[in-house]
Amino acid sequence: MDLGINGKIAIVTGAGKGIGRACALALAAEGANVSLNDLDEEAGNAVAKDVKAMGVDAIFVKGDVSKECDVKELFAKTYEKYGHIDILINNAGISPKLPFYEITAEQFGQVLDVDLKSNFMCSKEAFAYMKDNGWGRIVSLSSLAGVYGGINSAAHYSAAKAGVIGLTKTLAKQVGKYNITVNCVAPGRIDTEMTRMLSQEKRDEALSRIPLKRFGSVEEVANTVVFLASEGGSYITGACVEILGGYTG
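In this text, residue positions in the sequence shown follow the UniProt record's numbering: the first is 1, and each later residue adds one.
1) Please tell me whether residue 250 and PHE127 are closer than 8 Å, where the distance is taken between their beta carbons.
2) Which residue marks the beginning of the alpha helix (DSSP H) containing PHE120, and which one marks its end?
3) Near ILE5, what residues of its chain come up, given a Cβ to Cβ distance below 6 Å and the 5 sequence neighbours on each side ignored?
4) Looking at VAL226 and PRO187, is the spacing between their C-beta atoms short of 8 Å?
5) Which residue comes first and which comes last in the beta strand (DSSP E) that contains SER35?
6) Note down, in chain order, each residue of its chain lying with its Cβ closer than 8 Å to the Cβ of GLY7, except the 5 sequence neighbours on either side.
7) Do SER118 and VAL185 count as a contact pair if the criterion is CB distance below 8 Å?
8) How about GLU41 and PHE75: do their beta carbons lie closer than 8 Å?
9) Is the Cβ-Cβ distance between THR168 and ASN183 less than 8 Å?
10) For CYS69, is the classification buried or exposed, using 16 other Cβ atoms within 10 angstroms of its Cβ as the cut-off for buried?
11) Taking 7 Å as the cut-off, is the C-beta of THR195 nearer than that to any heavy atom in the ligand SAH?
12) Can you tell which of ASP115, ILE87, LYS177 and CYS240 has its C-alpha closest to the C-alpha of LYS67?
13) Would you list the one or two residues that DSSP bridges to PHE60?
14) Since ILE89 contacts VAL147 with CB under 8 Å, what's their CB separation in whole angstroms?
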């Protein structure tokens, strides 16, 4: 299937590893040029090299998307390089593991800044560039914890990821008239660094609750994200697609 995004310009936040890296590579495989954001300069440049090896272009813009000045710089540099912005993948996030009664107000705010406020700021900036083009795709990363609440995930992370779903549904209603779709995906247990940090006991517990009896891959998440960012997903907006291997809470 031709997904219709050859030559489009995509921004991926948190693109240095894991799901973000997989999204960048999956977009590149469909012919999109990719602007990569991460705090890890070495990892970000490595992904840019991988993307270019696939025959499309890429730039890396280091920055903290919880800071408005860095968000504006990311979009400005992308626009300066390519002249338009078509796709935004809001992937950057952190997930500290703490029981809610040990979380300080400062820590709660930090996670909401990185995992939720960044989505708002990046989406707002993307809209400014997309609205006059008459085409745009915004896809954000929520989580199993945002849909069902967290067991191993902490309260601030769960709250932020639930917020991503609410933000997604509201933005979809407000920007649809510009032919911009806004969706999110809610991955469950995916084989990433975060999952590998869990104890074997917690990994076994998680697997026992998944009917497919395995963790998902970053590529499986990326494939769904790219479909939502494509012409193939042109009539899907305001949706939260669960990628959970059958887990139902």
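Glycine included, C-beta positions come from ideal geometry on N, C-alpha and C.
By the coordinates alone:
1) In the structure displayed, the chain extends from 1 to 249; residue 250 sits before or after that span and is not available.
2) 118-130
3) GLU30, ALA32 and SER230
4) no
5) 33-38
6) GLY31, ALA32 and ASN33
7) no
8) no
9) yes
10) exposed
11) Among the components modelled here there is no ligand, and therefore nothing to report on the ligand SAH.
12) ASP115
13) LEU36
14) Not a contact, Cβ separation roughly 19 Å.
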